[in-house]
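Q:
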Amino acid sequence: MNLREQWQTAHSHYVARRLVEAEQGYRQILQQVPNNAQLLYTLAQVCYELQKSDEAIDFMERACRLDPDNPDLRYSLGALLSEVNQQQVAIDHYQAILGRHPDHIDALLGLGIIYTGQNRFSEAIACYERILQSNSNNLMAHYNLGLSMMNIGQVERASECFNRALAIDPGNLEVQTASLFILHAMPDVSGEQIYERHREWARRQERGYLENHVTAGRAGVDRPLRVGYVSPDFRSHSVAYFIKPILEAHNRERVTCYCYSNTAKPDSVTGLLKELADHWRDIVVLDDEQAAQMIRDDGIDILVDLSGHTMGNRLMIFTRKPAPVQVTWIGYPGTTGLSAMDYRITDSRADPPGQSDTDHVEKLVRMEPCFLCFDPQDEVQVFATAPVRENGYITFGSFNSLAKYSASLIAIWAQVLRAVPGSKLLLKSPLGGLGDAAGQGWIQKSFASAGIGPERIECVGRLNELHDHLALYNRVDVALDTFPYNGTTTTCEALWMGVPVITLAGRRHASRVGASLLHAAGLSEHVAETEDEFVAIAQMLAEDVNGLEESRSGLRERLRRSALLDKSRTTEQVEKEYFRMLADIGR
């Protein structure tokens, strides 16, 4: 075989996704042509896809040395370095490109994405806006600008960015996911509108798969139920903290657990969850059909989606209906829109019977008193003395993402601050938006419009250590929940740290999770049904300093005894529901 034929064969393997064979072919060619920059570039790409990152970077660096004036090669090297968390080196490469080619779109985009990941949102936004000045139809610039806007609290602007990106490429799944997710944070969007948008998405995605749906049960099979959990968030993420107690408590005589992990960047939590699963399947490198076939081959009875329309989801696997029963749970506050999704697990406070059933394609299965089970991650000391004793003023706090903020939310919080003279508000964003000048500026401007000066608002950026994040609650007297998109993990963490939480219950699941959690914790008196009641509860708690200190001393133990931390009870409930679901499908 001559060199041209070898190259064609290796390329055919690469196109057909036979990556091992492609790598072997390209390496053989490299022995004959060691100084070909294009060959080194291609081999770097193949090695990266085979998760051989060090070799990929080595090949790309060699390519750049052979063709040092090629900005596209240098960009590709920066992209590889960014993927293996060598962000500063990647930044240096991108900035070097921009020094000679100021309008290099890929370098600007790569730089912006790194800045977004580092919570440097002002710099990221500047990169995306530079791209759009020269190319107003750049899909990824609109999309990533939307993500940055969302992280600094500009939800309406973010939605506009996602919609512009969709106008450019209506079929882009990443953009579709973001545009659906953000609907839950928008106060003026109804449950019916959210349902219709999700159904519109699902109708397009399910086309061609509906006729292949599996409906038969596992009649005559004498073995434990096989439950598969699918998630991109088997890592240090809120979803992991709610699925971990379930994996721990599953009755192995009745249930065998499979975890299908789409976790792009595993961490120590990934390793812990891997030990808890009976079977672990990494599906990051598998396409939807390959992953669906793996699930079929594993003989899964109940397939559970843990992400909904959040980043990294694998909902397209569910369109193939690889399991008789498909369920969505924990990670998303509404319908997936998929006809192939049979059930959604919730409870009667998050989704009151008759109120939101019609906003779901899935049949709602209500587990009482709460559809979640919280697993505290750290025994951080709770200070017995309320902060107000030392400060002389009440400190309200909220540690939720800025993506859950809105003008109407800030207006109510401003009413709370006016109702409690001298009080202050401590804000922290888990995604770091409040550590950025743009995020802080938006917050201060929004509160100023509501009559609250900057001296009463303190903003804290992302804290990388969980211990430090939880310890910050020792500076908070009363936590304020966000709405219409409530907090979940943040509410549980505040209670764990002895801080009472006030929530305003709305009509959609996203705005009723707080009510569900507080009811399960035995604190339903802190659930407001109106804005006036929200302010009144805040006043009442602020005036009872002794009560605040009783919370600090006793709330954690109260939580331990509550249904919210009862993993045995919750897991037993969900197992019963799994068996009931399978029996219903088999009828």
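Quick note: the sequence shown, position 178, residue 177 per numbering that gives the first Met the number 0, numbers continuous.
Backbone N, C-alpha and C fix where the C-beta goes; we use that ideal spot for every residue, glycine too.
(1) Going by the DSSP bridge assignment, what does Leu-503 pair with across the sheet?
(2) For Thr-8 and Ala-21, I'd like the C-alpha separation in whole angstroms.
(3) Less than 8 Å between the beta carbons of Tyr-392 and Gly-421, yes or no?
(4) Going by DSSP, which residues form a beta bridge with Leu-363?
(5) Work out the CA separation of Gly-513 and Cys-491 for me, nearest whole Å.
(6) Classify His-308 as buried or exposed, calling it buried when 16 or more other Cβ atoms lie within 10 Å of its own Cβ.
(7) Count the other C-beta atoms from every protein chain shown that fall within 10 angstroms of the C-beta of Met-0, then say buried if there are 16 or more, exposed otherwise.
(8) Looking only at its chain, what residues have a beta carbon closer than 7 Å to the beta carbon of Leu-465, apart from the 5 residues adjacent to it on each side?
(9) With a Cβ-Cβ cutoff of 8 Å, do Ala-519 and Leu-471 count as a contact?
(10) Kindly indicate which three-state DSSP category Trp-328 falls into: helix, strand or coil?
(11) Should Gln-439 go down as buried or exposed, given a rule of 16 or more other Cβ atoms within 10 Å for buried?
(12) Which class does Ser-510 belong to by DSSP, given the choice of helix, strand or coil?
(13) Assuming Val-602 and Leu-305 make a contact with CB atoms under 8 Å, what is their CB distance in whole Å?
(14) Which whole-angstrom value describes the C-beta separation of Trp-441 and Ile-124, a residue pair presumed to lie in contact below a C-beta threshold of 8 Å?
(15) Count the other CB atoms, across all protein chains shown, that sit within 10 Å of the CB of Pro-483; report buried if there are 16 or more and exposed otherwise.
(16) Is the beta carbon of Val-381 less than 8 Å from the beta carbon of Arg-551?
(17) Compare the beta carbon distance of Tyr-74 and Ile-90 with 8 Å and say whether it is the shorter of the two.
(18) Leaving out five residues on either side along the sequence, give the residues of the same chain with a beta carbon under 7 Å from the beta carbon of Asp-583.
(19) For the structure I just gave you, are there three or more beta carbon pairs, one from the region 248-255 and one from the region 323-341, closer than 8 Å?
(20) Identify every residue that forms a DSSP beta bridge with Thr-255.
(21) When burial is assigned at 16 or more other CB atoms within 10 Å of the CB, is Leu-401 buried or exposed?
(22) Is it buried or exposed, Pro-453, if we count other Cβ atoms within 10 angstroms and call 16 or more buried?
(23) State the beta-bridge partners of His-92 as determined by DSSP.
(24) If I measure Cβ to Cβ from Phe-533 and keep anything under 7 Å in the same chain, skipping five residues before and after, which residues do I get?
(25) Flag this pair as yes or no: are the beta carbons of Leu-107 and Ile-130 separated by less than 8 Å?
(26) Name the two residues that bound the continuous beta strand (DSSP E) containing Ser-397.
(27) Report the three-state DSSP secondary structure of Ile-151 (helix, strand or coil).
(28) Applying the 10 Å Cβ sphere with the 16-neighbour rule, what's the burial state of Ala-15?
(29) With Leu-554 as the anchor, note down where its alpha helix (DSSP H) starts and where it stops.
(30) In chain order, what residues of the same chain lie with their CB nearer than 6 Å to the CB of Thr-318, ignoring the 5 residues before and after it?
(31) Using a Cβ-Cβ cutoff of less than 6 Å, which residues in the same chain neighbour His-100 once the five nearest sequence positions on both sides are dropped?
(32) Provide the residue(s) that pair with Asp-304 in DSSP beta bridges, ordered along the chain.
(33) Among Asp-168, Arg-568, Arg-506, Ile-28, which residue has its Cα nearest to the Cα of Asp-356?
(34) Just mark Gly-227 as buried or exposed, buried being the case when its beta carbon has 16 or more other beta carbons within 10 Å.
(35) Can you tell me whether Asp-281 is helix, strand or coil according to DSSP?
(36) Is there contact here, the region 338-352 with the region 534-541, by at least three beta-carbon pairs under 8 Å?
A: So, to answer that:
(1) Ala-527
(2) 8 Å
(3) yes
(4) Leu-363 pairs with Arg-343.
(5) 9 Å
(6) buried
(7) Exposed, since its Cβ has fewer than 16 Cβ neighbours within 10 Å.
(8) Gln-376, Asp-377
(9) no
(10) coil
(11) buried
(12) helix
(13) With the chain represented from 0 up to 586, any question about residue 602 goes unanswered, as that position is not in the structure.
(14) Actually they do not touch by this definition, with Cβ atoms about 12 Å apart.
(15) Pro-483 counts as buried, since no fewer than 16 other beta carbons sit within 10 angstroms of its beta carbon.
(16) yes
(17) no
(18) none
(19) no
(20) Note: Thr-255 sits in a beta bridge opposite Arg-225.
(21) buried
(22) Exposed, by the Cβ-count rule.
(23) Answer is none; His-92 lacks a bridge partner.
(24) Only Ile-411, Ile-501, Leu-503, Ala-527 meet the Cβ criterion.
(25) yes
(26) 394-397
(27) Coil.
(28) exposed
(29) 544-559
(30) Excluding its 5 nearest sequence neighbours in each direction, Thr-318 has C-beta neighbours in its own chain below 6 Å: Gln-204, Glu-205, Tyr-208, Ala-339, listed in chain order.
(31) Pro-70
(32) Val-229, Thr-327
(33) Arg-506
(34) Around the beta-carbon of Gly-227, 16 or more other beta-carbon atoms lie within 10 Å, marking it buried.
(35) strand
(36) no
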